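A.B. asks:
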Amino acid sequence: MTFTPKTVVCPACGGPSLYAPSNRYRPFCSERCKQMDLGAWAAEEFRVPTTPPLDPAGPEDSWKH
Ligand SMILES: [Zn+2]
44 MTFTPKTVVC
54 PACGGPSLYA
64 PSNRYRPFCS
74 ERCKQMDLGA
84 WAAEEFRVPT
94 TPPLDPAGPE
104 DSWKH
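Okay, here's the thing in structure tokens:
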């Protein structure tokens, strides 16, 4: 069985991020970037969350361009 990991753009640092089950921090490239994003969420908590920056449960297709 051949599995080609997909690479997406890390929402935190803009670098390449492995979008695969082996990357537990996906769509982020690392734990550091994931924590960075969580911090941003906390900072914007007072804003109306009508458009979250990302949907972890969303389809992978949303990352295609
Ligand atoms: Zn990153």
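Per the numbering used here, the very first residue in the sequence shown carries number 44; after that it's consecutive.
Using N, Cα and C, we set each Cβ at its ideal position, and we do this for glycine too.
These figures come from a predicted structure and were not determined experimentally.
Please classify L81: does DSSP put it in a helix, a strand, or coil?
C.D. replies: Within the sequence shown, residue 81 is the residue found at index 38, counting from 1. In the structure shown, L81 sits in a helix (DSSP, three-state: H, G or I).
A.B. asks: Could you tell me which residues DSSP pairs with P59 in its beta bridges?
C.D. replies: Translated into the one-based positions of the sequence shown, residue 59 becomes position 16. P59 is bridged to V52.
A.B. asks: Could you check whether the Cβ of G82 sits closer than 6 angstroms to any heavy atom belonging to ligand 1?
C.D. replies: Start at 1 with the first residue of the sequence shown, and residue 82 comes out as number 39. Because no heavy atom of ligand 1 lies under 6 angstroms away, the Cβ of G82 does not count as near it: no.
A.B. asks: Suppose contacts are defined by Cβ-Cβ distances below 7 angstroms. Is P59 in contact with L97 by that definition?
C.D. replies: For the purposes of this step, residue 59 is taken as the residue at position 16 of the sequence shown. For the purposes of this step, residue 97 is taken as the residue at position 54 of the sequence shown. No, Cβ-Cβ distance for P59 and L97 is not below 7 angstroms.
A.B. asks: Does DSSP put R67 in a helix, a strand or coil?
C.D. replies: In the sequence shown, residue 67 corresponds to position 24, counting from 1. Coil at R67, not helix or strand.
A.B. asks: Using a Cβ-Cβ cut-off of 7 angstroms (strictly less than) and excluding sequence neighbours within five positions of D80, which residues of its own chain qualify?
C.D. replies: For the purposes of this step, residue 80 is taken as the residue at position 37 of the sequence shown. P54, A55 and F71.
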